[in-house]
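Enquirer:
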Amino acid sequence: MIVCYTGGGTLGHIYPALAVHEVLGKRAGYQAFWIGREDRSEKEAVELAGIPFFAIRSGKLRRYRSLKNLLDIGNVLVGCFQAFCILRRNRPNVLFSKGGFVSVPPVLAAFLLGIPVVSHESDASAGLATRINARFSRFVCVPFAQGFETIQKHKRVVTGNPIRQALVAEAEQPYKEGELAFIGKDEKLILVLGGSSGSQQINALIRSNLEALTQLAYVYHQCGSKDVQNLVHERYTEVAFITDLLPSLLKRADLVISRSGANTIAELALFGCPSLLIPLSRQYSRGDQIDNALRLASLGASRVLLDENDLNRFFVEVKDLLDDRQKRTMLSGNIRKLAQKECAHSIAELLGSVKE
């Protein structure tokens, strides 16, 4: 079985597909390759998983009028030709799309070659790339049943969002005292996750309130590689990106402050983390993080800060949650109900069942 993966734009489009690859990698005769954009971090993540990576040209899919759209039409056409040649040469049994603007040319090329396509959407609503890809897909995997009425019912398959098996296994193990040597047994822990590239808005909130926050708890802050300031405080750690310590931090955290990307939410649900979410605004995105966050808030599974008026209450919200164990326990219990541990296996089974 040969699977072609495609997707990109952020690492959030990469890691869920790698979780599926991890499951399929245990099958005899399985092979894989990836078609993506020319981006170092995405290419490195894919190749580190042992998947050959082919870069193609891609254009941004904008939902507004711009002269750049004309230029990107050319990029999309070139990308389609490149993807067509790659797919014809390697002839996979199925193409799995994780979305992002780079996925559209490979999906179109696969459709023209008669290669079945399975797409996946992580967020609470379908993005433009997913809506386009859905027209040419055999199945479209979605995180939950509601909110995807624009996709034909016979194509929709509810699978949840796939998570790396190592994280799933870690989530089933209780936190062992001493896993995080820098924090005392009775100290509270605030974990700040700005995403793989960080968040200037969240970083600014943490730094402007740092003295007050560290009086409440120890603060462990993922700030992104482009915004490291090397601040020193005895109750504060700043890192560009969290790797091996992430499971221990998620198990130990009394409160997680984070963006509301779909992958982050899936991990918070898996570990049952009480959270305060600050979604990326519509000024910088299509509003998918707002949809994700509001869905959690409606289920009593997270607190959410949406706009400038909300952000003025940032410290008050943090203090309220840290001071009230019952509120944190409620958030933890509600978000844990949303955890889906078998997503990667479900998608792997679906890919294995699709025939040309």
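Numbering (the numbering used here), first residue to last: 16 to 371. All residues carry an ideal CB built from backbone N, CA and C; glycine is no exception.
So the alpha helix (DSSP H) Q341 belongs to, where does it begin and stop?
Expert: Counting along the chain, the alpha helix (DSSP H) containing Q341 begins and ends at 340-351.
Enquirer: Compute the Euclidean distance between the alpha carbons of H36 and A47, then round it to the nearest angstrom.
Expert: Cα to Cα, the separation comes out at about 8 Å.
Enquirer: Distance check for L92 and L260, CA to CA, integer angstroms please.
Expert: The straight-line gap from Cα to Cα measures roughly 42 Å.
Enquirer: Can you give me the C-alpha to C-alpha distance between S347 and C95, rounded to a whole angstrom?
Expert: Between S347 and C95, the C-alpha separation is close to 45 Å.
Enquirer: Under three-state DSSP, which class holds E37?
Expert: Correct three-state label for E37: helix.
Enquirer: Pick helix, strand or coil for V254, following the three-state DSSP scheme.
Expert: V254: strand per DSSP, three-state reduction.
Enquirer: Compute the beta-carbon to beta-carbon distance between E57 and G65, rounded to the nearest angstrom, for a pair I have assumed lies under 8 Å.
Expert: About 15 Å; that fails the 8 Å criterion.
Enquirer: Taking 8 Å as the cut-off, decide whether the C-beta atoms of E192 and K200 are in contact.
Expert: In this structure, K200 lies closer than 8 Å to E192 by Cβ.
Enquirer: Can you tell me whether E59 is buried or exposed, with buried defined as 16 or more other CB within 10 angstroms of its CB?
Expert: Per the 10 Å Cβ criterion, exposed.
Enquirer: Near L336, which residues of its chain fall below 7 Å by C-beta distance, leaving aside the five closest residues on each side in sequence?
Expert: Cβ neighbours of L336 beyond the five flanking positions: L270, P289, L291, R318, K342, R343.
Enquirer: Among T25, F69, L228, which residue has its Cα nearest to the Cα of E332?
Expert: Comparing Cα-Cα distances from E332 to each of T25, F69, L228, the minimum goes to L228.
Enquirer: In chain order, which continuous runs of the beta strand (DSSP E) of length 3 or greater are located wholly inside the region 89-164?
Expert: Runs of the beta strand (DSSP E) inside the region 89-164: 109-112, 132-135, 154-157.
Enquirer: Count the other C-beta atoms from every protein chain shown that fall within 10 angstroms of the C-beta of D87, then say buried if there are 16 or more, exposed otherwise.
Expert: Under this definition D87 is a buried residue.
Enquirer: Taking H28 as the reference, give the member of F159, R42, W49, I101 with the closest Cα.
Expert: With distances taken between Cα atoms, H28 lies closest to W49.
Enquirer: My output table needs one value for R267: the three-state DSSP class, helix, strand or coil.
Expert: The answer is helix: DSSP assigns R267 an H, G or I state.
Enquirer: Please confirm if the region 131-143 is in contact with the region 109-117, defined as three or more CB-CB distances below 8 Å between the two stretches.
Expert: Yes, the region 131-143 is in contact with the region 109-117.
Enquirer: Please go through the same chain and pick out, in chain order, the residues whose beta-carbon is closer than 6 Å to the beta-carbon of N108, but skip the five residues on each side of it.
Expert: Excluding sequence neighbours, N108 sits near M16, I17.
Enquirer: Going by CA-CA distance only, name the one from S140, F69, S296 that's closest to P120.
Expert: Answer by Cα proximity: F69.
Enquirer: Quickly, what does DSSP pair Q46 with across the bridge? List them, please.
Expert: I17, per the DSSP bridge assignment.
Enquirer: According to DSSP, is S290 part of a helix, a strand, or is it coil?
Expert: Reduced to three states, the DSSP call for S290 is strand.
Enquirer: Could you tell me the boundaries of the alpha helix (DSSP H) in which I221 lies?
Expert: 215-223 is the extent of the alpha helix (DSSP H) around I221.
Enquirer: Can you give the Cα-Cα distance for A125 and A144, rounded to whole angstroms?
Expert: Taking the straight line joining both Cα atoms gives about 15 Å.
Enquirer: Please classify F286: is it buried, with 16 or more other beta-carbons within 10 angstroms of its beta-carbon, or exposed?
Expert: Classification of F286: buried, given that the 10 Å Cβ count is 16 or more.
Enquirer: Alpha carbon to alpha carbon, how far is A354 from L283?
Expert: Approximately 8 Å between the Cα atoms of the pair.
Enquirer: By the 10 Å Cβ neighbour count, where 16 or more other Cβ atoms means buried, how is F329 classified, buried or exposed?
Expert: Buried, since its Cβ has 16 or more Cβ neighbours within 10 Å.
Enquirer: Report yes if the C-beta distance between V122 and F151 is below 8 Å; otherwise report no.
Expert: Yes, Cβ-Cβ distance for V122 and F151 is below 8 Å.
Enquirer: Indicate the three-state DSSP secondary structure (helix, strand or coil) for R55 in the structure shown.
Expert: Residue state, collapsed to three classes: helix.
Enquirer: Using the Cα positions of K241 and Q215, report the straight-line distance between them to the nearest angstrom.
Expert: Each residue's alpha carbon lies about 9 Å from the other.
Enquirer: For A387 and D325, what's the separation of their Cα atoms in angstroms?
Expert: Because the chain in this structure spans residues 16 to 371, residue 387 falls outside the shown range and cannot be described.
Enquirer: Taking its Cβ as the centre, do 16 or more other Cβ atoms sit within 10 Å of G129, making it buried, or is it exposed?
Expert: Exposed, since its Cβ has fewer than 16 Cβ neighbours within 10 Å.
Enquirer: First and last residue of the beta strand (DSSP E) that includes V369?
Expert: Unbroken run through V369: none, as it is neither H nor E.
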